[in-house]
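If you count the sequence shown from 1, position 58 lands on 123 in the working numbering, and the numbers rise without skipping.
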Amino acid sequence: MNTLPDNLLAINNKIREIALECERDPSTIELIAVSKTKPVNQITEAINAGQLSFGENYVQEGVEKIHYFKQTLPETPLVWHFIGPLQSNKTKLVAENFDWMHTIDRLKIAQRLSDQRPANMPNLNVLIQVNISQETSKSGIAPDQVAELVKQVITLPNLSLRGLMAIPEIENDYDKQLIIFKQMQQLLLSLQIDYPFMKTLSMGMTGDMQAAIAAGSTMVRIGTAIFGSRQYL
Ligand SMILES: *Cc1c(COP(=O)(O)O)cnc(C)c1O
66 MNTLPDNLLA
76 INNKIREIAL
86 ECERDPSTIE
96 LIAVSKTKPV
106 NQITEAINAG
116 QLSFGENYVQ
126 EGVEKIHYFK
136 QTLPETPLVW
146 HFIGPLQSNK
156 TKLVAENFDW
166 MHTIDRLKIA
176 QRLSDQRPAN
186 MPNLNVLIQV
196 NISQETSKSG
206 IAPDQVAELV
216 KQVITLPNLS
226 LRGLMAIPEI
236 ENDYDKQLII
246 FKQMQQLLLS
256 LQIDYPFMKT
266 LSMGMTGDMQ
276 AAIAAGSTMV
286 RIGTAIFGSR
296 QYL
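Encoded structure:
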């Protein structure tokens, strides 16, 4: 059986290989290890193998882990990404604890995060989540409404808008995955004309990482291939 460090090494090698195949610089693609539902001892194993960026979907669980590692590894520069759906009554916990927030889909959430970001912390890095598979997915904002939200989010003082994020509908066919991810790439390119600081494209999971990287992803969010499959209680 592969160990967690083996899995991490394999994923990093794979990212590198895919990047080179599409003539991209591998260092422009960041691996976010999605540790939702996984215990702190497994995260520690990943940290010991060199992984520093982690993604969490559930606010309470994520905050507990962030506090745990602040206590146990105060010198390790971990970066925590909130990647789950967020209700407005939970924004404060994200604002006070996370470094990145990937799932902004309306102004109200962004406003609350900016208001609640503590003054002694750097700006919260945020991404706008796009509902790119529009018929099936409920989360994210419609592509034709993204530009308007961008205009509003960039006025918020304690947020730094870095780009876009998407979770397309599950699709096994590579060519179909690629078509959807390329729509995200086009959308980001069109925004970059007015907002050149928007450089991040958070897309690609265990099952569709290759197509995501081919379409310009700069952050892949990988859980299963690193930590194994998840059991939900
Ligand atoms: C769970 C999750 C992932 C990781 O998915 P895997 O298929 O396990 O790699 C990535 N992004 C989001 C938003 C998730 O919820």
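In this text, a Cβ means the ideal position worked out from N, Cα and C, and glycines have one as well.
Among the options, nearest to residue i - alpha-carbon criterion
i    : options                : result
M263 : S294, S198, R89, S282  : S282
N223 : V159, S100, L253       : V159
M284 : L138, N72, I80         : I80
Q217 : N196, Q199, P261, D170 : D170
I232 : L226, P142, S267       : S267
P261 : R227, G272, Q275, F292 : R227
Y123 : I108, Q107, T141, H146 : H146
G115 : N77, I148, E88, P91    : N77
L229 : V195, N162, A277, A212 : V195
D90  : L117, Q257, D240, A279 : A279
Q210 : L243, I287, I193, M166 : I193
Cβ-heavy atom distance, residue i to ligand 1, below 7 Å
i    : result
V211 : no
A290 : yes
N122 : yes
I232 : yes
K216 : no
Residues sharing a beta bridge with residue i, DSSP
i    : result
H146 : G120, W165
S267 : M230, M284
I97  : R286
Counted within 10 angstroms of its Cβ, other Cβ atoms place residue i as buried (16 or more) or exposed
i    : result
M249 : buried
T306 : Residue 306 is absent from the structure shown; the chain starts at 66 and stops at 298.
L254 : exposed
E121 : buried
H167 : buried
Any C-beta of chain C under 8 Å from that of residue i
i    : result
Q125 : The chain labelled as chain C is not found in the depicted structure, where only one protein chain is given.
Beta strand (DSSP E) runs contained entirely in the region 112-136, provided each spans 3 or more residues: 118-121
Completely contained beta strand (DSSP E) runs for the region 172-241, where each covers 3 or more residues: 189-194, 224-230
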